[in-house]
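Trainee: Heads up: the sequence shown begins at 17 in the numbering used here, then just goes up one per residue. Beta carbons: idealized from backbone N, C-alpha and C, even for Gly.
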Amino acid sequence: MTFKDRVFSGIQPSGDLHLGNYLGAIKRFVPLQESHDCIYCVVDMHAITVFQDPKKLHKSTLEVAAAYLAAGIDPKKSIIFNQSQVAEHAELAWVFNCVARMGWMSRMTQFKDKAGKNAEKASLGLFAYPALMAADILLYKATHVPVGDDQKQHLELTRDIAAKFNNDFGVEFFPITEPLIAGEAARIMSLRDGGKKMSSSDPSELSRISLTDDADKIAKKIKKAKSDPEPLPSEIAGLEGRAEAKNLVGIFAALSGRSKSDILSEFGGQGFGVFKPALAELAVAKLAPMNKEMARYLDDPKQIEDILRDGAERASVIAKETMKEVRDIIGFVK
Ligand code: TRP
């Protein structure tokens, strides 16, 4: 059986959207619209696996949607919606809770990282998180999912769930979804610690460039970014063991769409006193238009809500169809 090429991806509305979300995810979502049917979701139900202040959740949901729109995702061509408006996500997630095995779930490194030593106090939802993610993807029979490499394990679990469901019921119903992994190039690290991923939960604001930062803030954060006293090497190999230098060069490359070696052939031999101002200028030039566009959308929340509602209606049509068949396959009386 062949499945129609369809892309699904999601971002959690759980805090500041930052450069890592943009370069590692949103920016990559845009060109996929040329070749695939795309569904881009604001995964608010994933966000509440850890407590979210209701007002902030609402605001962040609109912000993620505004970022999708500002980056160039076309809400007519693609579907943009928030997860909680399509109840079938929760419904299929329950079915998958019954397909996935405790052993599979206990091996998820993101759960172990997020729950830490306090696993007893983590929500049941945080443990079941990957089954909901599998439901997001398989509800639309998505064939491709662009994600960062931190989500690779969840994608593998999605494939295991699809295969077990198909096998248990003797059907070829769900596709075995392919990840579109960004690879290292799109992995943006903290500006304060090159060994840690840029994250909205980092207590230091200086660790990330937020998509709502203005030009002054962007320049200041790059100026204060951790670096080292050595000049930049002229070859990539020279970045080994210099996590912060590697990250800043990586950000330059991703923002400019040039390769790291190209950047190093330009800046090799120069110190950060020269490189940082150039990076700040580039970041401001690339992010300012997006920042302005986001602000324009956020000025008119009703417009974003209308887009999300329209997206949810279109997503529902596909989701309802899938769930109807799933209920039949399982043997639920209708
Ligand atoms: N877990 C993903 C993340 O934290 C977000 C997500 C939820 C997602 N559902 C998804 C990503 C489905 C891709 C497809 O980045």
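Classify residue 114: buried if its beta carbon has 16 or more other beta carbons within 10 angstroms, exposed otherwise.
Mentor: The residue in question, residue 114, is exposed, as its Cβ has fewer than 16 Cβ neighbours within 10 Å.
Trainee: So what does DSSP say about residue 162, is it helix, strand or coil?
Mentor: The answer is strand: DSSP assigns residue 162 an E or B state.
Trainee: Count the CB pairs spanning the region 117–136 and the region 149–160 that are closer than 8 Å, and state whether there are at least three.
Mentor: Cβ pair count under 8 Å is below three, so no.
Trainee: For my contact list, residue 271 and residue 299 are in at a C-beta cut-off of 8 Å; report their separation, rounded to the angstrom.
Mentor: So it is a contact: roughly 6 Å between Cβ atoms.
Trainee: Touching or not, the region 301–315 and the region 274–282, by the rule of three or more beta carbon pairs under 8 Å?
Mentor: Touching, no.
Trainee: Would you mind stating whether residue 24 and residue 328 have Cβ atoms separated by less than 8 Å?
Mentor: No, Cβ-Cβ distance for residue 24 and residue 328 is not below 8 Å.
Trainee: Taking 7 Å as the cut-off, is the C-beta of residue 25 nearer than that to any heavy atom in ligand 1?
Mentor: Yes, ligand 1 has a heavy atom inside 7 Å of this Cβ.
Trainee: Using a Cβ-Cβ distance cut-off of 8 Å, determine whether residue 226 contacts chain C.
Mentor: Absent here is chain C; the protein component of the structure consists of one chain.
Trainee: Taking Cβ positions, are residue 198 and residue 44 nearer each other than 8 Å?
Mentor: Yes, these two residues count as a Cβ contact at 8 Å.
Trainee: Determine, using beta-carbon pairs with one atom in the region 331–345 and one in the region 94–108, whether at least three such pairs fall under 8 Å.
Mentor: Yes, since at least three Cβ pairs between the region 331–345 and the region 94–108 fall closer than 8 Å, the two stretches touch.
Trainee: Excluding five sequence neighbours on each side, which residues of the same chain lie with their C-beta closer than 6 Å to the C-beta of residue 325?
Mentor: For residue 325, where only same-chain residues beyond five positions count, there are no Cβ hits under 6 Å.
Trainee: Would you mind sorting residue 220 into buried or exposed? The rule is 16 or more other CB atoms within 10 Å of its CB.
Mentor: Classification of residue 220: exposed, given that the 10 Å Cβ count is below 16.
Trainee: I need the boundaries of the beta strand (DSSP E) containing residue 195, first residue and last residue.
Mentor: Segment 194–197, the beta strand (DSSP E) holding residue 195.
Trainee: Thinking C-beta only, is residue 276 closer than 8 Å to residue 252?
Mentor: Yes. Within cutoff.
Trainee: Beta carbon of residue 153: closer than 7 Å to some heavy atom of ligand 1?
Mentor: Checking the Cβ of residue 153 against ligand 1 gives yes.
Trainee: DSSP puts residue 54 in a beta bridge; with which residues?
Mentor: Bridge partners of residue 54: 23.
Trainee: So, with DSSP's three-state summary, where would you put residue 205?
Mentor: Note: residue 205 maps to strand in three-state DSSP.
Trainee: Helix, strand or coil, according to DSSP, for residue 226 in the structure here?
Mentor: If DSSP states are grouped into helix, strand and coil, residue 226 belongs with the strands.
Trainee: List the endpoints of the continuous beta strand (DSSP E) containing residue 127.
Mentor: No beta strand (DSSP E) holds residue 127; the alpha helix (DSSP H) holding it covers 125–131.
Trainee: State buried or exposed for residue 305, treating a residue as buried only when at least 16 other CB atoms are found within 10 Å of its CB.
Mentor: Counting Cβ neighbours within 10 Å, residue 305 comes out exposed, since fewer than 16 surround it.
Trainee: Please name the residue in 180, 274, 137 whose C-alpha comes closest to that of residue 112.
Mentor: Of 180, 274, 137, the residue nearest in Cα terms is 180.
Trainee: I need the straight-line Cα distance from residue 204 to residue 218, nearest angstrom please.
Mentor: Straight-line Cα distance between these residues: approximately 14 Å.
Trainee: Can you find at least 3 beta carbon pairs, one from the region 239–246 and one from the region 255–270, that sit closer than 8 Å?
Mentor: Yes, since at least three Cβ pairs between the region 239–246 and the region 255–270 fall closer than 8 Å, the two stretches touch.
Trainee: Taking the alpha-carbon positions, what's the residue 302 to residue 42 distance?
Mentor: Roughly 14 Å separates the two Cα atoms.
Trainee: According to the neighbour-count rule (16 or more other Cβ atoms, all chains shown, within 10 Å of its Cβ), is residue 191 buried or exposed?
Mentor: Buried is the call here.
Trainee: On a Cα-Cα basis, can you pick out the residue from 18, 30, 26, 20 that is closest to residue 215?
Mentor: The shortest Cα separation from residue 215 among 18, 30, 26, 20 belongs to 30.
Trainee: Which first and last residues belong to the alpha helix (DSSP H) in which residue 279 is found?
Mentor: Looking at the DSSP string, the run of the alpha helix (DSSP H) that includes residue 279 is 276–283.
Trainee: Quick check on the DSSP output: the alpha helix (DSSP H) that includes residue 268 runs from which residue to which?
Mentor: Its alpha helix (DSSP H) spans residues 259–272.
Trainee: Using alpha carbons as the reference points, say which of 95, 131, 316, 146 lies closest to residue 66.
Mentor: Nearest option by C-alpha distance: 131.
Trainee: Roughly how far, in whole angstroms, is the beta-carbon of residue 33 from the beta-carbon of residue 250, given that I think they are within contact range, below 8 Å?
Mentor: Contact flag wrong, Cβ pair sits at about 34 Å.
Trainee: Using the C-alpha atoms, what's the distance from residue 18 back to residue 186?
Mentor: C-alpha separation (whole angstroms): 17 Å.
Trainee: Relative to the alpha-carbon of residue 103, which residue among 136, 163, 335 has its alpha-carbon at the smallest distance?
Mentor: Residue 335 is the option with its Cα nearest to residue 103.
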